[in-house]
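Using UniProt numbering, read the sequence shown as starting at 1 and increasing by one per residue. By construction, the Cβ of each residue, glycine as well, lies at the ideal position given by its N, Cα and C atoms. Shown next, in structure tokens, is the structure this report addresses.
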Amino acid sequence: MNAVTLDALDLSALLCSRVCHDVISPVGAIVNGLEVLEDDQDESMREFALDLIRKSARHASARLQFARIAFGAAGSAGASIDLADAEKVSRGMFSDEKTQLSWSAPVALFPKNKVKLLLNLVMISTGAIPRGGLLDVKVTGDGEAPTLVLVAKGSHARIPPHVEALIAGTPENGVVDAHGILPYYAGLVARAAAMTVSFSIEGDTVTIRSEPVAAAVEPVIETPPASSEDDRPSDSEPSDTLLA
């Protein structure tokens, strides 16, 4: 199947749609809480509204901070990102969620695209455990050749539908929509970072593994061995050339 290529406008529009989808729910909850404060004088309801506003504001802020690194520039071209910042925004995403996050990574600056790939795979991993569970993130190696392993364990675990084809840039129907833009974008980032992405599932555990693309092996050209003196024709042997 041929790879699908989105033009810049379509790609940016779909990414913006994804970010808006992620923040519209907590922002809407803030609006609802403010309406309760304006219209309801019951003290218990007002306290409930204030608590809703506080939680929703934190949630919206966490999602925006995550999106800033996962989808945004997060610095100038060629910049590196601290893995500690990646961990911080990831934990913020799951602070009030049903998924528990375990994180193991070196204290180091990694190339921007590799960190963006890691965060996008974190989001994809949550789709592998729709009922929640444990997400274990491990980063080993250095920034030039890291290995990213994300293990999602939970009830009804599954590899998200079409995710492998979307990461490869070859969606089954040949179309990328707002629902598929996250894995499609992750595939773009993986290729830009020269990283592979693979999925496996065993029981209630889904594993996503990302490694550097193996260096191409140069073909070996065999040269014939140098002829020895024993292989040369002797003076007694007849020559193939007739002298006039």
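*From Val-23 to Val-4, what does the alpha carbon distance come to, in whole angstroms?*
Translated into positions along the sequence shown, residue 23 becomes position 23. Translated into positions along the sequence shown, residue 4 becomes position 4. Roughly 28 angstroms between the two C-alpha positions.
*Could you please give the first and the last residue of the uninterrupted alpha helix (DSSP H) stretch that includes Phe-66?*
As a position in the sequence shown, residue 66 is number 66, starting the count at 1. That run of the alpha helix (DSSP H) goes 43–70.
_I need the DSSP call for Ser-155, collapsed to helix, strand or coil._
Here residue 155 corresponds to residue number 155 of the sequence shown, with the count starting at 1. Ser-155 falls in the coil class under three-state DSSP.
_Opening and closing residue of the beta strand (DSSP E) in which Glu-87 lies_ = Against the sequence shown, residue 87 aligns to sequence position 87. First-last for Glu-87: 83–93, but that is the alpha helix (DSSP H), not the beta strand (DSSP E).
*Euclidean distance between Cα positions of Leu-109 and Ala-86*: For this step, residue 109 is matched to residue 109 along the sequence shown. For this step, residue 86 is matched to residue 86 along the sequence shown. Each residue's alpha carbon lies about 10 angstroms from the other.
*Backbone secondary structure at Leu-188 - three-state DSSP*: Residue mapping note: residue 188 aligns to position 188 of the sequence shown, counting from 1. Here Leu-188 sits in helix by DSSP.
*Per-residue DSSP class, three states only, for Lys-112*: Here residue 112 corresponds to residue number 112 of the sequence shown, with the count starting at 1. In the structure shown, Lys-112 sits in a helix (DSSP, three-state: H, G or I).
*From the DSSP output, which residues share a beta bridge with Arg-209?*
Position 209 of the sequence shown, counted from the start, is the residue given in the question as residue 209. Paired residues: Val-149, Ser-198.
*Tell me whether the beta-carbon of Ala-128 lies closer than 8 angstroms to the beta-carbon of Arg-158.*
As a first step, residue 128 must be located in the sequence shown, where it is residue number 128. As a first step, residue 158 must be located in the sequence shown, where it is residue number 158. Their beta carbons are under 8 angstroms apart, which means Ala-128 touches Arg-158 by this criterion.
_Looking at the secondary structure, which residues open and close the beta strand (DSSP E) in which Val-31 lies?_
The residue labelled residue 31 in the question sits at position 31 within the sequence shown. Counting along the chain, Val-31 falls outside any beta strand (DSSP E), though it belongs to the alpha helix (DSSP H) covering 8–39.
*Apply the 10 Å Cβ neighbour rule to Lys-138 and answer buried if 16 or more other Cβ atoms are within range, or exposed otherwise.*
Start at 1 with the first residue of the sequence shown, and residue 138 comes out as number 138. By the neighbour-count rule (16 or more Cβ atoms within 10 Å), Lys-138 is not buried but exposed.
*According to the neighbour-count rule (16 or more other Cβ atoms, all chains shown, within 10 Å of its Cβ), is Thr-241 buried or exposed?*
Position 241 of the sequence shown, counted from the start, is the residue given in the question as residue 241. Reliability fails at Thr-241, whose pLDDT of 43 lies under 50, so the model's placement of it is uncertain and the value that follows must be treated cautiously. Exposed: under 16 other Cβ atoms inside 10 Å.
_Proximity to Thr-140 [Cα-Cα], best of Glu-38, Ala-57, Ala-60, Ala-105_ = Within the sequence shown, the letter at position 140 stands for residue 140. With distances taken between Cα atoms, Thr-140 lies closest to Ala-105.
*Under the three-state reduction of DSSP, which class applies to Val-137: helix, strand or coil?*
Locating residue 137 in the sequence shown gives position 137, counting from the first residue. In the structure shown, Val-137 sits in a strand (DSSP, three-state: E or B).
*When burial is assigned at 16 or more other CB atoms within 10 Å of the CB, is Leu-166 buried or exposed?*
One-based indexing of the sequence shown puts residue 166 at position 166. Buried, since its Cβ has 16 or more Cβ neighbours within 10 Å.
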